[in-house]
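**Student:** First residue of the sequence shown: 2, per this note's numbering; consecutive thereafter.
Have a look at the structure that comes next, please.
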Amino acid sequence: MGLLSDPNRRRALTNLLTRLNTPICVVCYLAGLAWFMGLAFEPFTLRTYMSENAMGSTMVEERFPSGERALATGREFAAHKRKVGGMPVDWLVKTMQARGLEVYTQRFSRTLPFPDENKERYMVHGTNVYGILRAPRAPRTEALVLTAPCTEGNNNHQAVGLLLGLAHYFRNQVYWAKDIIFLVNEHDLIGMQAWLEAYHHTNITGMDWTPLQGRGGSIQAALSLELSTDVITSLDLVLEGLNGQLPNLDLANLFYAFCQKIDILCTIQGKLQRSDWDTPSGYSHAAQTMLLMVMKQASGRAWGDHGLFLRYHIEAATIKGVNSFRQYKTDATTIGRLLEGMFRKLNNLLERLHQSYFFYLMPSLSHFVSIGYYMPAFGLLAVILLLRALDLWVQLGAPPPGTEDGVGAVEQSSSGLSVLSILTPVVISHMTGAALFTLPILSQEMAVEHFPVSETEAVVLTAIAIYTAGLALPHNTHKFLAGEGTEQGWRVLKLVALLYLAVLLGCTALINFSLGFILALTLVPVAAFITPHVPKAFSAVVMVLLSPAFTLLYCVFIYQELQESPVSIADGWVLFLSVISQGILDHSLYGSLVYPLIALFVFPCWLLFWNILFWK
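Next comes the structure, spelled out in structure tokens:
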């Protein structure tokens, strides 16, 4: 405290930070990047452990016997699905009733803002079917959910068969203290969104659905099952939910514990765990796994039906069966026993999962990186913005050369600085962001009438056109200014932009660390070193290459590399356009916040620095 209260020491510290500002910023950036990459090194991570006492032991005896019968039921479901050309609602209702469940249906419909070309749908109509197994040993105030989506084509029939087999087996057990809801939802996430909104009496997306006639208790946890083959070599755990939310780490720990007990090969991000962490290949494998989780979390998408449960504070995950042609095989009976064991442990919960972490990264299923370990990496990047803001603040307060008294100079410069010259770029930049957010969907009909493009192409190309038009803002902005911009003017504008970006990235990282860190990697260098006095052409190229759109393009190629399925430049561009359309759709359908965050805040903030580069 003495260092800050003593004026002489405070002045000396300020002079040191301003004199060494650039070297310190470079060191902080490199240190933040090195810190983040070091998180995948196993000695720097924590070993997973069960925090919830009620789930601390896997000492339950799993007896589910009907794996082959469940697969046969799945084939019967597939036959009825082909016969009716969609979800066989009547057959599902009769089958669930035959297994002793209270069975209900829910109809829903949704018209998309523009056609989803990936899944070839525009006007969606469907039906959800769910059965409730009432708890025989409790007042039915809590519930668990097992769901299997009914998807297009020949997918996930085995999951529906196993769900019905587990329902029949669970019905004959007497130890359940919670209601268990068995849900088969149509049209994947859209059907799940309709069911969750109806269950919780909310309508946040404007979807049309019929009210639920039957309800269970408050949902404590949920598992979504995806099996599309009779031969399973491993089970992959999917955790990433809407807007980067993650379930409580104990749910992942429970899955891993039962996989170890029953001897099932398990993966995360589709990658097996390796024991040779001290070798370069072992570290590279862990780093790839962690980076895949970062990329998925940063996208803000729900990577399975479980992702929509998380917004209702329901811990959920998706278990996906994988057939990777390994020699190791797992039958349906073993998978059924895994789910039985997990549900029996969740049945023991006396309260919601809360004792373990909600913010973490996982380089493997046996190790995790807590928020206390990965946040310093972001902090080292964010402090650069504060150091540059401090340097600008000192420059603004310093007297011009040739004056003895700084007070009069500051008053003169402050009075000569027009508020309009600072406010105008801020307002116009955010108006451009508002146009990027609203116009692509609103103008799609006009674009289709005048250009030979589809509705989806019109939305994406309109967004790209508005984004590109924002590059002309320096010239348009200065037409609104009274006279030329001053030297003090760009410094004040950059000071405001630096603090704005620091707050924006900080809030983003608290909610979705991966998104905040990726944006900081590209935006912080631009914000730190851009001035009107740097070479214009070279700096403009660098700024464009580090803009939010190019950051998204880089992430598309990096993600494909991490998935070990690299694409050509042409295919990467097609994927880039698809990601843009899916981002807009995810916001309209499910409430994803990534697209509005980029359009309304990140892009306008980047435009402020673009204005500074071309400041006159």
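C-beta atoms are modelled at their ideal positions from N, C-alpha and C, and glycine is treated no differently.
1. If you compare alpha carbons, which of Gln583, Gln564, Phe558, Ile581 is closest to Ala571?
2. Tell me which same chain residues have a C-beta within less than 7 Å of the C-beta of Asn156, skipping the five on either side of it?
3. Report the option in Asp91, Met124, Gly162, Gly127 whose CA atom is closest to the CA atom of Ala71.
4. Tell me whether Ser582 is buried or exposed, calling it buried when 16 or more other Cβ atoms sit within 10 Å of its Cβ.
5. Pick helix, strand or coil for Asn513, following the three-state DSSP scheme.
6. Do Val232 and Thr319 have their CB atoms nearer than 7 Å?
7. Measure from the alpha carbon of Ala35 to the alpha carbon of each residue in Leu522, Val461, Phe78, Glu565, then state which is nearest.
8. So who's on the other strand from Val130, going by DSSP bridges?
9. Does DSSP put Gly68 in a helix, a strand or coil?
10. Can you tell me whether DSSP reads Glu458 as helix, strand or coil?
11. At what residue ranges does the segment 282 to 360 contain a whole run of the alpha helix (DSSP H), taking only runs of 4 or more?
12. Going by beta-carbon coordinates alone, are Gln174 and Leu350 separated by less than 7 Å?
13. With DSSP run on the structure shown, which of helix, strand or coil describes Pro597?
14. Given a threshold of 16 other Cβ atoms within 10 Å of its Cβ, counted over all protein chains shown, does Val85 qualify as buried or as exposed?
15. Among Arg12, Tyr358, Leu437, His201, which one has its Cα closest to the Cα of Ala600?
16. The alpha helix (DSSP H) with Gln98 in it runs from where to where?
17. Starting from the Cα of Ala168, find the closest Cα among Leu472, Pro453, Tyr374, Glu341 and give me that residue.
18. Go ahead and label Glu143 buried or exposed: buried means 16 or more other beta carbons lie within 10 angstroms of its beta carbon, across all protein chains shown.
19. Buried or exposed: where does Asn186 fall if 16 or more other Cβ atoms within 10 Å of its Cβ makes it buried?
20. Could you check where the beta strand (DSSP E) with Ser371 kicks off and where it finishes?
21. Judging by CA-CA distance, which residue of Val595, Met447, Ser444 is the nearest neighbour of Ala510?
22. In whole angstroms, give me the CA-to-CA distance for Ala139 and Pro567.
23. Quick one: what does DSSP say Ala410 is sitting in, helix, strand or coil?
24. Considering just the uninterrupted stretch of the beta strand (DSSP E) at Glu143, what are its terminal residues?
25. What is the rounded straight-line gap between the Cα of Gly39 and the Cα of Lys617?
26. Under 7 Å, do Val370 and Asp237 count as touching if we go by C-beta distance?
27. Please state whether the Cβ-Cβ distance between Leu386 and Ala503 is less than 7 Å.
28. Just list the residues that DSSP pairs Asp117 with in beta bridges.
29. With distances taken Cα to Cα, identify the nearest neighbour of Leu31 among Val525, Leu443, Thr334.
30. Sorted by chain position, which residues of the same chain lie with C-beta nearer than 8 Å to Tyr361's C-beta, five sequence neighbours on each side aside?
31. Using a Cβ-Cβ cut-off of 8 Å (strictly less than) and excluding sequence neighbours within five positions of Tyr501, which residues of its own chain qualify?
32. Between the C-alpha atoms of Trp611 and Ala473, what's the straight-line distance to the nearest angstrom?
33. Tell me the residue span of the alpha helix (DSSP H) that contains Ala160.
34. Let me make sure I understand the geometry here. Which of Ile613, Thr290, Asp117 has the alpha-carbon closest to that of His188?
35. Is Lys272 helix, strand or coil when you go by DSSP?
36. Between which residues of its own chain and Arg216 is the CB-CB distance below 7 Å, once the five residues before and five after are set aside?
**Tutor:** Considering the structure as presented:
1. Here residue 571 refers to the residue found at position 570 of the sequence shown. Of Gln583, Gln564, Phe558, Ile581, the residue nearest in Cα terms is Phe558.
2. Within the sequence shown, residue 156 is the residue found at index 155, counting from 1. Excluding sequence neighbours, Asn156 sits near Ser229.
3. Here residue 71 refers to the residue found at position 70 when the sequence shown is read from its first residue. The shortest Cα separation from Ala71 among Asp91, Met124, Gly162, Gly127 belongs to Gly162.
4. For the purposes of this step, residue 582 is identified with residue 581 of the sequence shown, where counting begins at 1. The residue in question, Ser582, is buried, as its Cβ has 16 or more Cβ neighbours within 10 Å.
5. The residue you call residue 513 lines up with position 512 of the sequence shown. It is coil, neither helix nor strand.
6. Stepping through the sequence shown from its first residue, residue 232 is reached at position 231. Stepping through the sequence shown from its first residue, residue 319 is reached at position 318. Cβ distance not < 7 Å, so Val232 and Thr319 don't count as in contact.
7. For the purposes of this step, residue 35 is taken as the residue at position 34 of the sequence shown. Per the Cα distances, Leu522.
8. Stepping through the sequence shown from its first residue, residue 130 is reached at position 129. DSSP output for Val130 lists Thr106, Val185 as bridge partner(s).
9. On the sequence shown, position 67 is the one that residue 68 refers to. Reduced to three states, the DSSP call for Gly68 is helix.
10. Here the question's residue 458 lines up with position 457 in the sequence shown. Helix.
11. List check, alpha helix (DSSP H) in window: 333 to 348.
12. As a position in the sequence shown, residue 174 is number 173, starting the count at 1. As a position in the sequence shown, residue 350 is number 349, starting the count at 1. In terms of Cβ geometry, Gln174 and Leu350 do not form a close pair [threshold 7 Å].
13. For the purposes of this step, residue 597 is taken as the residue at position 596 of the sequence shown. Three-state result, Pro597: helix.
14. Reading the sequence shown from its first residue, position 84 is the one you call residue 85. The residue in question, Val85, is exposed, as its Cβ has fewer than 16 Cβ neighbours within 10 Å.
15. As a first step, residue 600 must be located in the sequence shown, where it is residue number 599. Per the Cα distances, Leu437.
16. If you number the sequence shown from 1, residue 98 lands on position 97. The continuous alpha helix (DSSP H) containing Gln98 extends over residues 90 to 99.
17. Here the question's residue 168 lines up with position 167 in the sequence shown. Ranking Leu472, Pro453, Tyr374, Glu341 by Cα distance to Ala168 puts Glu341 first.
18. Within the sequence shown, numbered from 1, the residue matching residue 143 stands at position 142. Classification of Glu143: buried, given that the 10 Å Cβ count is 16 or more.
19. Along the sequence shown, read from residue 1 onward, the residue named residue 186 stands at position 185. Buried, by the Cβ-count rule.
20. Position 370 of the sequence shown holds residue 371. Note, Ser371: beta strand (DSSP E), 368 to 371.
21. Along the sequence shown, one-based indexing puts residue 510 at 509. Checking every option, the nearest Cα to that of Ala510 belongs to Val595.
22. Residue 139 sits at position 138 when you count from the first residue of the sequence shown. Residue 567 sits at position 566 when you count from the first residue of the sequence shown. Between the alpha carbons of Ala139 and Pro567 lies a distance of about 53 Å.
23. Indexing the sequence shown from 1 puts residue 410 at position 409. Below a pLDDT of 50, predicted positions are generally treated as unreliable, and Ala410, at 46, falls in that range; the measurement from the model is reported next regardless. Helix, per DSSP.
24. Working through the sequence shown from its first residue, we reach residue 143 at position 142. Per DSSP, Glu143 belongs to the beta strand (DSSP E) from 143 to 151.
25. If you number the sequence shown from 1, residue 39 lands on position 38. If you number the sequence shown from 1, residue 617 lands on position 616. Per the coordinates, the alpha-carbon of Gly39 lies some 43 Å from the alpha-carbon of Lys617.
26. In the sequence shown, residue 370 corresponds to position 369, counting from 1. In the sequence shown, residue 237 corresponds to position 236, counting from 1. Against a cut-off of 7 Å, the Cβ pair of Asp237 and Val370 comes out as no contact.
27. Residue numbering aside, residue 386 sits at position 385 when the sequence shown is read from its first letter. Residue numbering aside, residue 503 sits at position 502 when the sequence shown is read from its first letter. Going by C-beta atoms, Leu386 is nearer than 7 Å to Ala503.
28. Locating residue 117 in the sequence shown gives position 116, where the first residue counts as 1. In DSSP, Asp117 forms a bridge with Arg122.
29. Position 30 of the sequence shown, counted from the start, is the residue given in the question as residue 31. Looking at the Cα atoms, Val525 is the closest of the given residues.
30. The sequence position of residue 361 within the sequence shown is 360, counting from 1. Exclusion of the five residues before and after Tyr361 leaves Leu247, Leu250, Phe369, Val370, Ser371, Ile372 as the residues of its chain whose Cβ lies within less than 8 Å of its Cβ.
31. Locating residue 501 in the sequence shown gives position 500, counting from the first residue. Correct list, in chain order: Cys606, Leu609.
32. Locating residue 611 in the sequence shown gives position 610, where the first residue counts as 1. Locating residue 473 in the sequence shown gives position 472, where the first residue counts as 1. Answer to the nearest angstrom: the Cα atoms are 10 Å apart.
33. As a working mapping, residue 160 is identified with position 159 in the sequence shown. Here the alpha helix (DSSP H) through Ala160 covers 158 to 172.
34. For the purposes of this step, residue 188 is identified with residue 187 of the sequence shown, where counting begins at 1. Closest option to His188, Cα to Cα, is Asp117.
35. Walking along the sequence shown from the start, residue 272 turns up at place 271. Correct three-state label for Lys272: strand.
36. Translated into positions along the sequence shown, residue 216 becomes position 215. So the list reads Tyr200, once near-sequence residues are dropped.
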